[in-house]
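With positions in the sequence shown counted from 1, the corresponding number in my numbering is that position plus 470.
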Amino acid sequence: MQNRKINAISLLTAGAFFAFLVFGFADNLKGPTIPALLDDLNYNYSLGGTLLFGAYVGFLLATLFNGFLSDLAGKKAPLIVAGACLTAGLLGYSFFRTFGLLLAAMVCIGMGLGSIELGANSIIVDLHSTRKGRFLNLMSVFHGAGSMLAPIYAGQLLENNFTWQQVYRFAVILPILIFIFFLPVKYPRREVERTKSVNLRTIWQTAFTRQMIWFYLIIGLYVAFELGIASWIVEFLQKTKSQSVGASTEALSVFFGVMTIGRFVGSFFVERVGYLRSVLIMSIASAVCVGSGIFGPNWLAFCIPLSGFFMSIIFPTVTAAASDLHNENVGSILGLLFAFAGIGGMLGPWLVGLASDAVGIQLGFSTVLVYCVMMAGATAVLINKYPR
Numbered sequence: 471m472q473n474r475k476i477n478a479i480s481l482l483t484a485g486a487f488f489a490f491l492v493f494g495f496a497d498n499l500k501g502p503t504i505p506a507l508l509d510d511l512n513y514n515y516s517l518g519g520t521l522l523f524g525a526y527v528g529f530l531l532a533t534l535f536n537g538f539l540s541d542l543a544g545k546k547a548p549l550i551v552a553g554a555c556l557t558a559g560l561l562g563y564s565f566f567r568t569f570g571l572l573l574a575a576m577v578c579i580g581m582g583l584g585s586i587e588l589g590a591n592s593i594i595v596d597l598h599s600t601r602k603g604r605f606l607n608l609m610s611v612f613h614g615a616g617s618m619l620a621p622i623y624a625g626q627l628l629e630n631n632f633t634w635q636q637v638y639r640f641a642v643i644l645p646i647l648i649f650i651f652f653l654p655v656k657y658p659r660r661e662v663e664r665t666k667s668v669n670l671r672t673i674w675q676t677a678f679t680r681q682m683i684w685f686y687l688i689i690g691l692y693v694a695f696e697l698g699i700a701s702w703i704v705e706f707l708q709k710t711k712s713q714s715v716g717a718s719t720e721a722l723s724v725f726f727g728v729m730t731i732g733r734f735v736g737s738f739f740v741e742r743v744g745y746l747r748s749v750l751i752m753s754i755a756s757a758v759c760v761g762s763g764i765f766g767p768n769w770l771a772f773c774i775p776l777s778g779f780f781m782s783i784i785f786p787t788v789t790a791a792a793s794d795l796h797n798e799n800v801g802s803i804l805g806l807l808f809a810f811a812g813i814g815g816m817l818g819p820w821l822v823g824l825a826s827d828a829v830g831i832q833l834g835f836s837t838v839l840v841y842c843v844m845m846a847g848a849t850a851v852l853i854n855k856y857p858r
């Protein structure tokens with residue numbers, strides 16, 4: 471019986487890791503295919519941006535809904551939803567040709583991604599409660615691997631005259647595998663958080679304490695920081711550092727690559743250093759790197775993608791620290807946490823674009839530095855006000 475339980479834990483952990491690989495892969499098909507989509511359908515940047523915005527709407531909806539679903543139906547339920555939504559969204563996006571239907575498909579894709587975010591994190595937190603910081607960082611390694619593979623896969627197909635819709639069509643097999651895996655697999659034990667009903671008043675009281683609000687702020691600022699860099703680094707390097715298209719796009723690949731390495735390395739020390747202390751140290755290091763790359767001489771531009779190494783552990787480690795505060799309704803709490811992450815993802819790159827229009831790309835891009843400094847400050851306040 472004990473061996474069966476251990477095998478089930480290992481199987482579900484591997485499934486969560488694979489789901490995060492699919493998450494990183496599906497989420498990063500948008501960038502390489504957007505130029506071909508705009509050209510094929512004769513869309514302007516506003517329409518293209520609205521399609522991308524739809525993914526974050528779906529992400530927000532999924533994190534809120536699946537948080538309650540996780541507490542009501544079990545930890546694997548959001549991943550079954552993820553497989554279904556992501557399969558439907560990718561199929562729709564690979565066949566539809568009208569804006570309304572494409573937007574609906576992108577919202578569905580976003581719901582699949584948000585369901586993976588919530589479901590996989592909930593499983594790891596539940597099954598590895600004593601070493602969740604390490605396992606959450608290891609799981610994020612797979613997200614980074616998927617993020618690196620997606621541009622390579624899409625680029626190769628597009629260079630060989632495949633359409634942007636075929637890029638999505640061939641990728642449908644991945645979420646189907648998630649659905650097939652998690653539908654029959656049994657959870658190894660009865661979850662203590664699982665109840666017949668969700669007490670919204672209790673969740674409100676525990677989810678919106680002053681301490682948790684600081685966690686929401688930190689994770690929102692982090693996602694704004696990461697996506698702000700990922701969305702604008704290529705344009706910034708070309709316009710202000712005179713880098714070629716090849717060099718600037720390689721910088722984005724390096725950013726994801728060192729982030730993957732950082733999460734693997736970080737998985738071995740976050741438990742020893744402490745969750746919030748690790749976040750503070752890495753936030754400061756990230757700020758130094760990004761500031762040097764933006765305002766230093768051209769040869770220091772490499773510091774911007776290098777910041778991915780230090781940023782790498784922040785998201786999973788904040789998740790681990792926040793989940794430490796709760797013994798019940800953890801799925802709902804994580805759903806709210808990731809909802810604020812989604813808000814950061816919507817606002818972060820958008821504000822960088824507005825600032826760049828107003829004051830130029832160099833000062834506009836430095837908005838990401840503001841996000842990072844604010845994140846470090848919020849973490850320092852949390853450590854000081856709520857020492858553990």
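Every residue gets a Cβ at the ideal spot worked out from N, C-alpha and C, and that includes glycine.
Only a predicted model underlies this, so the values are computations on that prediction, with no experimental measurement involved.
| task | Just the C-alpha distance for F862 and G528, rounded to the nearest angstrom, thanks. | result | The structure shown does not extend to residue 862, since the chain is modelled only from 471 to 858, so the question has no answer here.
| 4-residue-minimum alpha helix (DSSP H) runs that sit fully inside the region 734–784, ordered along the chain | 740–743, 745–765 and 773–781
| field | Status (buried if at least 16 other CB within 10 Å, exposed otherwise) for V662 | value | Since pLDDT at V662 reaches only 46, below the 50 mark, its modelled position is unreliable, and no value is offered.
| query | In three-state DSSP terms, what is G830? | reply | coil
| Are the beta-carbon atoms of I774 and A721 separated by less than 9 Å? | yes
| request: Would you check if there are 3 or more beta carbon pairs closer than 8 Å linking the region 759–779 to the region 705–713? | output: yes
| task | Give the range of the alpha helix (DSSP H) segment to which Q461 is assigned. | result | Residue 461 lies beyond the residue range present for the chain, which begins at 471 and ends at 858; the question has no answer from this structure.
| query | Between the C-alpha atoms of K666 and S802, what's the straight-line distance to the nearest angstrom? | reply | With a pLDDT of 46 at K666, under the threshold of 50, the predicted position of this residue should be treated as unreliable, and no value is reported.
| query | Can we count C842 as close to the ligand FMN, meaning its CB is less than 8 Å from some heavy atom? | reply | For the structure depicted, the ligand FMN is absent and the ligand set is empty, with no information on it obtainable.
| Do G582 and G562 have their CB atoms nearer than 9 Å? | no
| query | Between the region 602–616 and the region 491–499, are three or more C-beta pairs nearer than 8 Å? | reply | yes
| In terms of alpha-carbon separation, which member of E696, T849, G834 and G553 lies closest to F779? | E696
| DSSP state of Y856 mapped onto helix, strand, coil | coil
| query | Does the Cβ-Cβ distance between G815 and A694 come in under 9 Å? | reply | yes
| Below 9 Å between beta carbons: does that hold for S592 and K545? | yes
| Contact the region 722–730 vs the region 743–759: 3+ CB pairs below 8 Å | no
| Closest by C-alpha distance to F569, when choosing among L644, Y692, G690 and G518 | G518
| message | Helix, strand or coil, according to DSSP, for L521 in the structure here? | response | helix
| V724 - DSSP class collapsed to helix/strand/coil | helix
| said: Closest to P819 by C-alpha separation, out of T787, S836 and A484, would be which residue? | reply: S836
| said: Quick check on DSSP: helix, strand or coil for S540? | reply: helix
| query | Can you find at least 3 beta carbon pairs, one from the region 550–559 and one from the region 592–604, that sit closer than 8 Å? | reply | no
| Distance, F538 Cα to R664 Cα | The pLDDT assigned to R664 is 46, lower than 50, so where the model puts this residue is not dependable; a value taken from the coordinates is nonetheless given after this. Taking the straight line from one Cα to the other gives about 10 Å.
| According to the Cβ coordinates, are M781 and G727 closer than 9 Å? | no
| So, is V611 buried or exposed, given that buried needs 16 or more other C-beta atoms within 10 angstroms? | buried
| message | Between which residues of its own chain and F651 is the CB-CB distance below 7 Å, once the five residues before and five after are set aside? | response | G485
| said: Quick check on E661: does DSSP put it in helix, strand or coil? | reply: Its pLDDT being 47, under 50, E661 is placed unreliably by the model, and nothing is read from it.
| Bounding residues of the alpha helix (DSSP H) (the contiguous stretch that carries L561) | A547 to F565
| DSSP state of A717 mapped onto helix, strand, coil | helix
| Span separating the alpha-carbon of N854 from that of I643 | 48 Å
| query | Can the beta-carbon of G580 be found less than 9 Å from the beta-carbon of A532? | reply | yes
| Just reading off the alpha helix (DSSP H) that P645 is part of, what are its end residues? | I643 to F652
| task | Determine the direct distance from the alpha carbon of T503 to that of Q636, and round the result to whole angstroms. | result | 10 Å
| task | Compute the Euclidean distance between the alpha carbons of E741 and L817, then round it to the nearest angstrom. | result | 31 Å
| Below 9 Å between beta carbons: does that hold for E587 and A811? | yes
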